[in-house]
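Number of protein chains: 2
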Amino acid sequence: MTITQLKYVLAVAEHQNFTKAAQKTFVTQPTLSMQIQKLEEELSIQIFDRTKKPIELTAIGKKIVNQARNIVNEADRMQDVVDQEKGFIGGVFKLGIIPTVMPTLLPMFLKNFTKRYGKVQLKIEELTTDEIIHKIKDGHLDAAIAATPLEIESIKERVLYYEPFVGYIPEHHRLFDKQKIEGKDLDLDDILLLEDGHCFRDGVVNLCKASKLQAGDSFQLESGSFETLIKLSNEGLGMTLLPFLHTLDIPNEQKSYLRYFTEPSPAREVSLLYNKNELKLQIINALYESISGVIRGAIAFQDVKIISPKAKN
Amino acid sequence: MTITQLKYVLAVAEHQNFTKAAQKTFVTQPTLSMQIQKLEEELSIQIFDRTKKPIELTAIGKKIVNQARNIVNEADRMQDVVDQEKGFIGGVFKLGIIPTVMPTLLPMFLKNFTKRYGKVQLKIEELTTDEIIHKIKDGHLDAAIAATPLEIESIKERVLYYEPFVGYIPEHHRLFDKQKIEGKDLDLDDILLLEDGHCFRDGVVNLCKASKLQAGDSFQLESGSFETLIKLSNEGLGMTLLPFLHTLDIPNEQKSYLRYFTEPSPAREVSLLYNKNELKLQIINALYESISGVIRGAIAFQDVKIISPKAKN
DNA sequence: ACCATGTAATAGATTTTATCGATACAAAAT
DNA sequence: ATTTTGTATCGATAAAATCTATTACATGGT
Numbered sequence: 001m002t003i004t005q006l007k008y009v010l011a012v013a014e015h016q017n018f019t020k021a022a023q024k025t026f027v028t029q030p031t032l033s034m035q036i037q038k039l040e041e042e043l044s045i046q047i048f049d050r051t052k053k054p055i056e057l058t059a060i061g062k063k064i065v066n067q068a069r070n071i072v073n074e075a076d077r078m079q080d081v082v083d084q085e086k087g088f089i090g091g092v093f094k095l096g097i098i099p100t101v102m103p104t105l106l107p108m109f110l111k112n113f114t115k116r117y118g119k120v121q122l123k124i125e126e127l128t129t130d131e132i133i134h135k136i137k138d139g140h141l142d143a144a145i146a147a148t149p150l151e152i153e154s155i156k157e158r159v160l161y162y163e164p165f166v167g168y169i170p171e172h173h174r175l176f177d178k179q180k181i182e183g184k185d186l187d188l189d190d191i192l193l194l195e196d197g198h199c200f201r202d203g204v205v206n207l208c209k210a211s212k213l214q215a216g217d218s219f220q221l222e223s224g225s226f227e228t229l230i231k232l233s234n235e236g237l238g239m240t241l242l243p244f245l246h247t248l249d250i251p252n253e254q255k256s257y258l259r260y261f262t263e264p265s266p267a268r269e270v271s272l273l274y275n276k277n278e279l280k281l282q283i284i285n286a287l288y289e290s291i292s293g294v295i296r297g298a299i300a301f302q303d304v305k306i307i308s309p310k311a312k313n
Numbered sequence: 001m002t003i004t005q006l007k008y009v010l011a012v013a014e015h016q017n018f019t020k021a022a023q024k025t026f027v028t029q030p031t032l033s034m035q036i037q038k039l040e041e042e043l044s045i046q047i048f049d050r051t052k053k054p055i056e057l058t059a060i061g062k063k064i065v066n067q068a069r070n071i072v073n074e075a076d077r078m079q080d081v082v083d084q085e086k087g088f089i090g091g092v093f094k095l096g097i098i099p100t101v102m103p104t105l106l107p108m109f110l111k112n113f114t115k116r117y118g119k120v121q122l123k124i125e126e127l128t129t130d131e132i133i134h135k136i137k138d139g140h141l142d143a144a145i146a147a148t149p150l151e152i153e154s155i156k157e158r159v160l161y162y163e164p165f166v167g168y169i170p171e172h173h174r175l176f177d178k179q180k181i182e183g184k185d186l187d188l189d190d191i192l193l194l195e196d197g198h199c200f201r202d203g204v205v206n207l208c209k210a211s212k213l214q215a216g217d218s219f220q221l222e223s224g225s226f227e228t229l230i231k232l233s234n235e236g237l238g239m240t241l242l243p244f245l246h247t248l249d250i251p252n253e254q255k256s257y258l259r260y261f262t263e264p265s266p267a268r269e270v271s272l273l274y275n276k277n278e279l280k281l282q283i284i285n286a287l288y289e290s291i292s293g294v295i296r297g298a299i300a301f302q303d304v305k306i307i308s309p310k311a312k313n
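Protein chains in written order, with my numbering: chain A, 1 to 313; chain B, 1 to 313.
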């Protein structure tokens with residue numbers, strides 16, 4: 001049994017296809033076939049059921065794959081040990097970010113971070129919370145930023161900041177004249193929300209549920225970005241809710257439409273997520289420090305009420 | 001980096017000597033030299049300081065060795081996964097037992113166990129508690145039986161049984177006429193104990209401390225086995241204490257010298273110890289079941305007061 | 001039934017790697 | 001100084017991993 005063989009097994013298990021797995025591992029397909037056969041022989045078990053199309057893991061194959069992942073993870077960690085000792089922070093690092101955090105948070109810390117940690121090659125991907133969960137679990141992401149708490153077994157969460165929600169209330173709206181709004185003022189049929197998969201909505205939906213309605217399910221409109229939402233709102237289609245950081249760069253003439261919540265303000269918790277195996281922990285720590293450092297200045301400390309994206313489950 | 005290289009590193013780290021490590025790993029010394037150099041090159045670090053005699057680990061070398069152990073442990077566990085799936089219980093299993101448990105417990109379960117699990121090649125070694133701790137930590141033992149609680153980080157304890165102490169009181173001794181004895185009856189200067197390293201004594205010493213004396217340290221006599229102790233006791237050199245199982249096979253004419261404690265009787269806790277990495281867990285489980293099964297019949301359930309071998313620290 | 005397609009297994013050649021035996025070299029012990 | 005003990009180096013060899021080319025085997029479509 002070699003580490004290489006185990007990596008091959010993981011690749012085939014992932015792609016359910018020897019040929020594709022071969023490309024990903026930069027070897028030819030016969031190499032994979034042979035090495036995996038050799039491993040199966042050594043262990044005297046069948047890892048893959050090759051009669052199925054596409055290829056499938058056998059019952060024991062699944063356990064083998066799990067253990068293989070453990071071994072490969074520990075092996076990868078060897079480089080971490082070396083890097084840590086050398087004080088070296090570098091290498092490829094894959095970070096996932098949910099869409100409603102990406103545009104505001106990324107510009108705030110990216111330049112600073114890459115300047116400080118030039119050896120780290122950040123690969124950032126915009127992903128939904130579900131995609132993030134899967135990709136952290138199977139090691140395709142080193143870390144991610146999403147609304148929490150998720151409380152997923154095998155994923156660690158480190159809170160970056162609490163981001164209050166702010167109401168965006170167009171003229172002629174029934175709440176326009178209030179200086180501060182409260183959760184119970186909200187009406188689900190009255191709020192423009194982002195499309196499904198954006199976990200921001202989860203927070204808001206729960207906020208509304210918690211404060212008022214039974215949520216009659218059907219919303220009036222769904223859109224892809226807060227910019228659109230604001231425009232729709234301006235057209236008189238209803239109010240909307242924006243995470244605090246998004247309110248920082250809306251045009252001045254529209255700022256008068258912002259209505260903060262009375263404290264404790266509803267807020268979302270945004271955290272850094274990573275696999276509990278803690279691979280590349282040094283980079284994760286560096287990221288955490290960078291982000292929470294830059295955020296400390298941006299979000300005024302205030303009394304907030306956390307809205308869980310998971311509460312609806 | 002290969003698993004083989006990591007095993008070589010572990011061997012050299014253990015023996016502090018390439019030549020000996022080579023013998024243990026069944027390769028030649030140049031093979032070790034080359035493979036370890038290759039690994040050092042790949043990681044761009046020095047694992048060993050070869051200027052020192054005997055050879056030493058560098059600072060980072062120690063961390064590398066730790067991680068190497070993690071990887072190799074996970075790799076070894078692959079066979080466990082396969083065995084578990086196949087319901088196969090077998091292979092070499094190294095078990096350590098402390099001297100004061102060995103002669104009584106071993107005969108009770110060994111025959112039964114080997115009959116039931118013929119595929120397991122038990123290698124049993126008589127060791128002191130300290131030796132056991134070290135050897136479990138570095139993987140030279142798969143499990144051990146000793147008096148607990150030890151509460152060692154990285155070692156798991158599963159209690160096998162509680163073994164009451166029984167007084168062996170010769171004629172003309174001041175306690176001879178009592179039907180049952182109590183902890184406070186004991187006097188350290190008056191008891192024959194086993195030599196240091198036998199953790200049984202720890203228990204007794206603590207028993208005495210707890211019940212009476214400040215333990216003026218110097219004992220009158222120290223010996224190597226309970227048999228000797230009994231004989232010395234018969235010669236009028238004082239009373240002694242025996243673990244319950246040892247009292248089962250003393251000659252009938254001497255049984256009249258046994259004095260049980262009033263309940264709750266002082267007792268020692270005897271446990272199965274194994275590394276928290278849980279390698280070969282199936283065999284450990286099998287052992288546990290075998291031993292606690294045979295013990296259930298042998299030790300009458302009674303109210304006991306546990307004497308910790310560690311309390312003196 | 002036959003063929004096209006996608007995919008894995010096999011065979012043989014080639015390259016790479018691990019290991020060995022012999023020996024050189026260094027440091028400590030005598 | 002010489003012997004002992006132990007590691008590094010060298011060249012040869014055996015073992016292995018990988019490659020290219022090809023075959024085998026399904027599956028679905030015609």
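No residue lacks a Cβ here, since even glycine has one placed at the ideal position from N, Cα and C.
Note that this is a predicted model, so its numbers are computed, not measured.
Starting from residue i, find everything on chain A with Cβ-Cβ shorter than 7 Å and list it in chain order.
{"i": "residue 57 of chain B", "result": "Per Cβ cutoff of 7 Å: no residues; residue 57 of chain B is ~13 Å from chain A at best."}
{"i": "residue 21 of chain B", "result": "Those do not exist, as residue 21 of chain B stays about 20 Å from chain A at its closest Cβ, beyond 7 Å."}
{"i": "residue 318 of chain B", "result": "Given that chain B is displayed from residue 1 to residue 313, the structure contains no residue 318 of chain B and the question cannot be resolved."}
{"i": "residue 141 of chain B", "result": "Those do not exist, as residue 141 of chain B stays about 22 Å from chain A at its closest Cβ, beyond 7 Å."}
Could you have a look at residue i and say whether DSSP puts it in helix, strand or coil?
{"i": "residue 288 of chain B", "result": "helix"}
{"i": "residue 49 of chain A", "result": "strand"}
{"i": "residue 4 of chain B", "result": "helix"}
{"i": "residue 33 of chain A", "result": "helix"}
{"i": "residue 299 of chain A", "result": "coil"}
{"i": "residue 66 of chain B", "result": "helix"}
{"i": "residue 152 of chain B", "result": "coil"}
{"i": "residue 171 of chain B", "result": "coil"}
{"i": "residue 160 of chain A", "result": "strand"}
Enumerate in chain order the residues of its own chain whose CB-to-CB distance from residue i is below 8 Å, with the five nearest sequence positions on each side excluded.
{"i": "residue 123 of chain A", "result": "92, 93, 94, 95"}
{"i": "residue 9 of chain A", "result": "36, 39, 47, 64, 65, 68"}
{"i": "residue 270 of chain A", "result": "101, 105, 145, 146, 147, 148, 159, 160, 161, 162, 163"}
{"i": "residue 25 of chain A", "result": "7, 8, 11, 32"}
{"i": "residue 181 of chain A", "result": "167, 169, 175, 259, 260, 261, 262"}
Using a Cβ-Cβ cutoff of less than 7 Å, which residues in the same chain neighbour residue i once the five nearest sequence positions on both sides are dropped?
{"i": "residue 243 of chain A", "result": "100, 163, 165, 200, 268"}
{"i": "residue 6 of chain A", "result": "68, 71, 72"}
{"i": "residue 173 of chain A", "result": "239"}
{"i": "residue 233 of chain A", "result": "168, 170, 192, 239, 240"}
{"i": "residue 221 of chain A", "result": "Its pLDDT being 44, under 50, residue 221 of chain A is placed unreliably in this model, and the coordinates cannot settle the point."}
For residue i, which of the options has the nearest alpha-carbon?
{"i": "residue 277 of chain A", "options": "A:118, A:153, A:233, A:65", "result": "A:153"}
{"i": "residue 114 of chain A", "options": "A:40, A:136, A:190, A:90", "result": "A:90"}
{"i": "residue 126 of chain B", "options": "B:137, B:117, B:141", "result": "B:141"}
{"i": "residue 231 of chain A", "options": "A:168, A:281, A:4, A:279", "result": "A:168"}
{"i": "residue 55 of chain B", "options": "B:226, B:279, B:19, B:236", "result": "B:19"}
{"i": "residue 16 of chain A", "options": "A:60, A:50, A:27, A:186", "result": "A:50"}
{"i": "residue 281 of chain A", "options": "A:298, A:225, A:76, A:2", "result": "A:76"}
{"i": "residue 299 of chain A", "options": "A:245, A:2, A:59", "result": "A:245"}
{"i": "residue 44 of chain A", "options": "A:1, A:80, A:53", "result": "A:1"}
Interface residues of chain B around residue i at Cβ under 7 Å?
{"i": "residue 2 of chain A", "result": "2, 3"}
Output needed for residue i: all residues of its chain with C-beta closer than 6 Å, excluding positions within five of it in sequence on either side, in chain order.
{"i": "residue 109 of chain B", "result": "290, 291, 294"}
{"i": "residue 217 of chain A", "result": "The predicted position of residue 217 of chain A is uncertain, since its pLDDT is 38 and thus under 50; a value taken from the coordinates is nonetheless stated next. Nothing listed; no residue qualifies."}
{"i": "residue 117 of chain A", "result": "89, 286"}
{"i": "residue 121 of chain B", "result": "92"}
Of all the CB atoms in chain A, is at least one closer than 8 Å to the CB of residue i?
{"i": "residue 284 of chain B", "result": "no"}
{"i": "residue 341 of chain B", "result": "Nothing can be reported for residue 341 of chain B: it is not among the residues displayed for chain B, which extend from 1 to 313."}
{"i": "residue 12 of chain B", "result": "no"}
{"i": "residue 36 of chain B", "result": "no"}
{"i": "residue 40 of chain B", "result": "no"}
{"i": "residue 74 of chain B", "result": "yes"}
{"i": "residue 89 of chain B", "result": "no"}
{"i": "residue 334 of chain B", "result": "The structure shown does not extend to residue 334 of chain B, since chain B is modelled only from 1 through 313, so no value can be given for it."}
{"i": "residue 152 of chain B", "result": "no"}
{"i": "residue 60 of chain B", "result": "yes"}
So which residues of chain B does residue i contact, with C-beta pairs closer than 8 Å?
{"i": "residue 78 of chain A", "result": "1, 43, 64, 67, 68, 71"}
Using a Cβ cut-off of 9 Å, pull out every chain B residue sitting near residue i, in sequence order please.
{"i": "residue 47 of chain A", "result": "By Cβ distance, chain B contributes nothing, its closest Cβ being about 10 Å from residue 47 of chain A, past 9 Å."}
For chain B, check one thing: does any of its Cβ atoms lie closer than 8 Å to the Cβ of residue i?
{"i": "residue 311 of chain A", "result": "Confidence in residue 311 of chain A is poor, its pLDDT being 38 and thus under 50, which makes the residue's placement too unreliable to answer from."}
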